[in-house]
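Peer 1: Below is the structure I would like to discuss, written out as structure tokens.
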Amino acid sequence: MTIELLVFYVFAALLAFAGLRVITARNPVHAALFLVLAFFTAAAIWMLLRAEFLAIALVLVYVGAVMVLFLFVVMMLDINLDRLREGFWRYLPLGAAVGVLVVFEMALVVVAKYYASGTLPMPADPGPGYSNTKALGRLLYTDYVYPFELAAVLLLVAIVAAIALTMRRRKDTKYQDPARQAAVKRRDRVRLVSMPAEKKE
Amino acid sequence: MNELVATLAGYSSAWFGPQWGPPVWVFVKTLVLILVITLPLFGCVAYLTLAERKIIGYMQVRIGPNRVGPAGLLQPIADAVKLMFKELIIPAGANKFLFVLAPMLTLMPALAAWAVIPFGPEVVLADVDAGLLYVMAITSMGVYGVIIAGWASNSTMGFALVCVLLVSQSLNLSDIVNGQARGRFAAEGLNFLSWNWLPLLPMFLVYFISAVAETNRAPFDVAEGESEIVAGFHVEYSGMTFAVFFLGEYANMILVSALATIMFLGGWLPPIDAPLLNAIPGFFWLVLKIGFLLFCFLWFRATFPRYRYDQIMRLGWKVFIPLTIVWLVLVAAWMQTPWNPWQ
Amino acid sequence: MLENYFPVLMFIAVGLVLGGVLLAVGRILAPHKPDPKKLSPYECGFEAFEDARMKFDVRYYLVAILFILFDLEIAFLFPWAVVIPDIGFFGYAAMMVFLAILVVGFVYEWKKGALEWE
């Protein structure tokens, strides 16, 4: 057994464990943190497949940004665990059906690949001077430019949707505009009035 | 030196057999190299705290710590020993696991990012192609420690770094430094005018200011302002849990200074291409530049009043992000023209 | 390529272990005498009257979305920046369109007031 294979099995085991804990952990914050671990180990496995850029981008985007949002949502929702558990048995048949379907689909893909072309070979080490990021960049912005622009449109939809769903103007807050504060002139605030002195009775 | 290394490698093959010997040797060698980086880094953190107290002291016409050892030089060691013997208190309401995990998650990225930092030509632990991307990814995990104030700054740092990438066309940190040794001024021996800080001056300033915010340092330290909210969440961390947080934050400060040095100030390159200056090892120049940036960190703390939360948000989202996007487009457009200075 | 990443993996592991070792040192050397008053949440002389884990304002959610957006944008910009001489004007224009679409979203968020903090 080579070192690489050993590393793969360690990470694969960690990934399976983390994935299981995501759905079995009672504390939602723990579940989210196990998801972080799952992403991290998945990135390590991608790295073993020589997908250098994608592996690091997975950590950068999912661990560094998306999971922060997840944790926020988990904290924001103030989840009542007892209420959530009540529905467990009611939703179990539906959930199990979807689960079986997913397993079936995955099996279809994996088994077909496995029998069609034998086990997929490990990508060879590309050798020094090769840059995975550059190879990706050369393709992404030329041959795959439509999916790339489509990604931008998707992100735009996500922003607009997020604003439409969560944006609430609060009426009761006070707000300072420093530009207006600095631009204030004396005559806007102070009025000098000349009054005749009053006589003492 | 090479003989010693070869002998040691031979021993490991002799002890563990030809199959397991080389991997074990690589493991031990890497472990030793990692400790050679981290342990001096801990020392730097310790003396950075002393430097901070001394420098801010002098800026405020005080002397700073001067009781422990000559001129207070043993103060950080005394502090470390004190923290070691302080009781660890985990508040009753806190989740024990998360409470202990948080400081570890702050320290880990601040250390692990050093794996790809070049200390000189060819002197780097892991010479990976996507070095800069790795540093971005691993430091982005720092948001779990303390949240939000660093958000906008994280994005602006990203955009500023993309500008550096545009001109150097490599994610490898050593290549980025070597790229700065070329250019019109470098040909005349004036290296320091060819470094990225001059052609990308706005990005350098944006990067450094964002780095100050990212590391929760004054004047952007809303999350842990010492004078207002008694250092925020640090209140509930005592003894070594506090020390680990503290180590992580100061190691992060040194890390972002090192990155700024590599991206914008020419890393280990001497400022002027003269035989006398070239004779000095590159490591010295690197440390000198990092030291200067760290001094700026302390200087800011002594000089500027703290920003309010909404002011930080406005600065990040409404000033820096538009500025960096516009500058990015400009640099990219500039590179499309024949007057490209980075050819 | 992979042998370059081995030290990185080890560094991450050592980073975690060092943190753990430091905490363990504190646990071993320091006294450990908890009592209810000592373990109560830190407040200025009164009993804590609400759970410290308060709910977040929904506005943070919007900022988080924006943060993800820019993070993704940076992930797309990185490979683009390193290959710009190879992909020529077409690649440059592709990224400009990408940026323009996202700037529309940014301007929308700005004009809607999602970036205002009172």
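Protein chains in written order, with our numbering: chain A, -6 to 194; chain B, -17 to 325; chain C, 215 to 332.
Glycine included, every Cβ here is placed at the ideal spot set by N, Cα and C.
Can you round the beta-carbon distance between B/SER174 and B/GLY248 to whole angstroms, since I take them to be within the 8 angstroms contact cut?
Peer 2: The count along the second sequence starts at 1 and reaches residue 174 of chain B at position 192. The count along the second sequence starts at 1 and reaches residue 248 of chain B at position 266. In the sequence as displayed, the identity of residue 174 of chain B is Phe instead of Ser. B/PHE174 to B/GLY248, Cβ: 7 angstroms. Contact.
Peer 1: Quick one: any contact between the region 63 to 82 of chain B and the region 107 to 118 of chain B, if contact means 3 or more CB pairs under 8 angstroms?
Peer 2: Segments in contact, no.
Peer 1: Taking the C-alpha atoms as reference points, what is the distance between A/LEU13 and B/THR223?
Peer 2: Along the first sequence, read from residue 1 onward, the residue named residue 13 of chain A stands at position 20. Along the second sequence, read from residue 1 onward, the residue named residue 223 of chain B stands at position 241. For A/LEU13 and B/THR223, the distance between alpha carbons rounds to 30 angstroms.
Peer 1: Taking only runs of the alpha helix (DSSP H) that begin and end inside the region 277 to 312 of chain B, which ones reach a length of at least 4 residues, in chain order?
Peer 2: You should have 291 to 295.
Peer 1: For B/SER176 versus A/GLY57, is the C-beta spacing smaller than 8 angstroms?
Peer 2: Working through the second sequence from its first residue, we reach residue 176 of chain B at position 194. Working through the first sequence from its first residue, we reach residue 57 of chain A at position 64. Contact flag unset, no.
Peer 1: Do three or more CB pairs link the region 240 to 256 of chain B to the region 272 to 280 of chain B at distances below 8 angstroms?
Peer 2: Yes, they touch.
Peer 1: Restricting to Cα atoms, I'd like to know which of B/GLU69, B/GLU34, B/THR138 and B/ALA(-12) is closest to C/PRO248.
Peer 2: Sequence index remark: in the third sequence, residue 248 of chain C carries index 34 (1-based). The option with the nearest alpha carbon to C/PRO248 is B/GLU69.
Peer 1: Using a Cβ-Cβ cutoff of 9 angstroms, what residues of the region 109 to 122 of chain B are near chain A? List them in chain order.
Peer 2: Within the region 109 to 122 of chain B, the residues whose Cβ lies closer than 9 angstroms to some Cβ of chain A are VAL110, ASP111, ALA112, LEU115, TYR116, MET118, ALA119, ILE120, THR121 and SER122, listed in chain order.
Peer 1: Can you tell me which of C/PRO245, C/PHE292, C/ALA308 and C/PHE225 puts its alpha carbon nearest to the alpha carbon of B/LEU153?
Peer 2: For this step, residue 153 of chain B is matched to residue 171 along the second sequence. Comparing Cα-Cα distances from B/LEU153 to each of C/PRO245, C/PHE292, C/ALA308 and C/PHE225, the minimum goes to C/PHE292.
Peer 1: I think B/ALA314 touches B/LEU148, with their Cβ atoms under 8 angstroms apart; what is that distance to the nearest whole Å?
Peer 2: Position 332 of the second sequence, counted from the start, is the residue given in the question as residue 314 of chain B. Position 166 of the second sequence, counted from the start, is the residue given in the question as residue 148 of chain B. Right, their Cβ atoms sit about 6 angstroms apart.
Peer 1: Kindly say whether A/VAL146, judged by its beta-carbon, lies nearer than 8 angstroms to any beta-carbon of chain C.
Peer 2: As a position in the first sequence, residue 146 of chain A is number 153, starting the count at 1. For A/VAL146, the answer is yes, since a Cβ of chain C falls inside 8 angstroms of its Cβ.
Peer 1: Between B/ALA327 and B/PHE282, which are expected to be in contact by the criterion C-beta below 8 angstroms, what is the C-beta distance as a whole number of angstroms?
Peer 2: With chain B running from -17 to 325 in the structure shown, residue 327 of chain B is simply not present.
Peer 1: Examine the Cβ distances between the region 30 to 43 of chain A and the region 93 to 103 of chain B and report whether three or more of them are shorter than 8 angstroms.
Peer 2: Contact between the region 30 to 43 of chain A and the region 93 to 103 of chain B is absent, because fewer than three Cβ pairs lie under 8 angstroms.
Peer 1: Quick check: what's the CA-CA separation for A/VAL102 versus B/ALA92?
Peer 2: Within the first sequence, residue 102 of chain A is the residue found at index 109, counting from 1. Within the second sequence, residue 92 of chain B is the residue found at index 110, counting from 1. Each residue's alpha carbon lies about 41 angstroms from the other.
Peer 1: Is B/GLY102 helix, strand or coil when you go by DSSP?
Peer 2: In the second sequence, residue 102 of chain B corresponds to position 120, counting from 1. Looking at B/GLY102 - three-state DSSP - the assignment turns out to be strand.
Peer 1: Can you name, in chain order, every residue of its own chain whose Cβ lies under 6 angstroms from the Cβ of A/LEU47, other than the five neighbours on each side?
Peer 2: Here residue 47 of chain A refers to the residue found at position 54 when the first sequence is read from its first residue. Excluding residues within five positions, the ones whose Cβ falls inside 6 angstroms are TRP39.
Peer 1: What are the complete alpha helix (DSSP H) segments, minimum 4 residues, inside the region 153 to 194 of chain B?
Peer 2: Segments of the alpha helix (DSSP H) lying fully in the region 153 to 194 of chain B: 155 to 161 and 166 to 169.
Peer 1: Measure the C-alpha to C-alpha separation of B/TRP309 and B/LEU17 and round it to an integer number of angstroms.
Peer 2: Taking the first residue of the second sequence as 1, we reach residue 309 of chain B at position 327. Taking the first residue of the second sequence as 1, we reach residue 17 of chain B at position 35. Going by the C-alpha atoms only, they are around 40 angstroms apart.
Peer 1: Check whether the Cβ atoms of B/GLY25 and B/LYS36 sit closer than 8 angstroms, and answer yes or no.
Peer 2: Stepping through the second sequence from its first residue, residue 25 of chain B is reached at position 43. Stepping through the second sequence from its first residue, residue 36 of chain B is reached at position 54. No, the Cβ-Cβ distance between B/GLY25 and B/LYS36 is not below 8 angstroms.
Peer 1: Any idea if A/LEU(-1) is buried or exposed, counting beta-carbon neighbours within 10 angstroms, 16 or more meaning buried?
Peer 2: Position 6 of the first sequence, counted from the start, is the residue given in the question as residue -1 of chain A. Classification for A/LEU(-1): exposed.
Peer 1: Which of the three DSSP states is assigned to A/SER124 in this structure?
Peer 2: The residue you call residue 124 of chain A lines up with position 131 of the first sequence. Here A/SER124 sits in coil by DSSP.
Peer 1: Along the chain, where does the alpha helix (DSSP H) that runs through A/ARG182 open and close?
Peer 2: Taking the first residue of the first sequence as position 1, residue 182 of chain A is located at position 189. Where A/ARG182 is concerned, the enclosing alpha helix (DSSP H) stretches over 179 to 182.
Peer 1: Along the region 228 to 253 of chain C, where does the CB come closer than 8 angstroms to a CB of chain D? Name the residues.
Peer 2: The chain labelled as chain D is not found among the protein chains of the depicted structure, namely A, B and C.
Peer 1: Establish whether the CB of B/MET245 and some CB of chain C are separated by less than 8 angstroms.
Peer 2: Working through the second sequence from its first residue, we reach residue 245 of chain B at position 263. Not an interface residue.
Peer 1: Name the chain B residues that come within less than 8 angstroms of C/LEU216, Cβ to Cβ?
Peer 2: Looking up residue 216 of chain C in the third sequence gives position 2. In chain order: nothing, as chain B lies at least about 10 angstroms away.
Peer 1: Return the chain-ordered list of same chain residues with a C-beta closer than 8 angstroms to the C-beta of B/THR306, the five sequence neighbours on each side being excluded.
Peer 2: If you number the second sequence from 1, residue 306 of chain B lands on position 324. Result list for B/THR306: THR138, PHE141, ALA142, CYS145, MET185 and VAL188, in chain order.
Peer 1: Is there a Cβ from chain A that is less than 8 angstroms from the Cβ of C/VAL318?
Peer 2: By 1-based counting over the third sequence, the position of residue 318 of chain C is 104. Judged by the 8 angstroms Cβ criterion, C/VAL318 is in contact with chain A.
Peer 1: Assign A/GLY92 to one of two classes, buried (16 or more other C-beta atoms within 10 Å of its C-beta) or exposed (fewer than that).
Peer 2: Against the first sequence, residue 92 of chain A aligns to sequence position 99. Flag for A/GLY92 reads exposed.
Peer 1: Rounded to whole angstroms, what's the CA-CA distance from A/VAL22 to B/LEU87? Just pull it up for me.
Peer 2: In the first sequence, counting from the first residue as 1, residue 22 of chain A sits at position 29. In the second sequence, counting from the first residue as 1, residue 87 of chain B sits at position 105. So the two alpha carbons sit approximately 15 angstroms from each other.
Peer 1: Assuming contact is defined by CB atoms lying nearer than 8 angstroms, are B/ALA94 and C/GLY229 in contact in what I supplied?
Peer 2: Here residue 94 of chain B is taken as the residue at index 112 of the second sequence, counted from 1. Here residue 229 of chain C is taken as the residue at index 15 of the third sequence, counted from 1. Yes, Cβ-Cβ distance for B/ALA94 and C/GLY229 is below 8 angstroms.
Peer 1: Can you round the beta-carbon distance between B/ALA108 and B/LEU251 to whole angstroms, since I take them to be within the 8 angstroms contact cut?
Peer 2: For this step, residue 108 of chain B is matched to residue 126 along the second sequence. For this step, residue 251 of chain B is matched to residue 269 along the second sequence. 21 angstroms between Cβ atoms; not a contact.
Peer 1: Indicate whether at least one CB of chain A lies closer than 8 angstroms to the CB of C/PHE225.
Peer 2: As a first step, residue 225 of chain C must be located in the third sequence, where it is residue number 11. No, because no Cβ of chain A sits closer than 8 angstroms to the Cβ of C/PHE225.
Peer 1: By the DSSP assignment, the alpha helix (DSSP H) with B/PRO257 in it spans what residues?
Peer 2: The sequence position of residue 257 of chain B within the second sequence is 275, counting from 1. Residues 257 to 260.
Peer 1: Please identify, using Cβ separations under 7 angstroms, the residues of the region -13 to 8 of chain B that lie next to chain A, in order along the chain.
Peer 2: For the region -13 to 8 of chain B, which is checked against every Cβ of chain A, the residues closer than 7 angstroms are PRO5.
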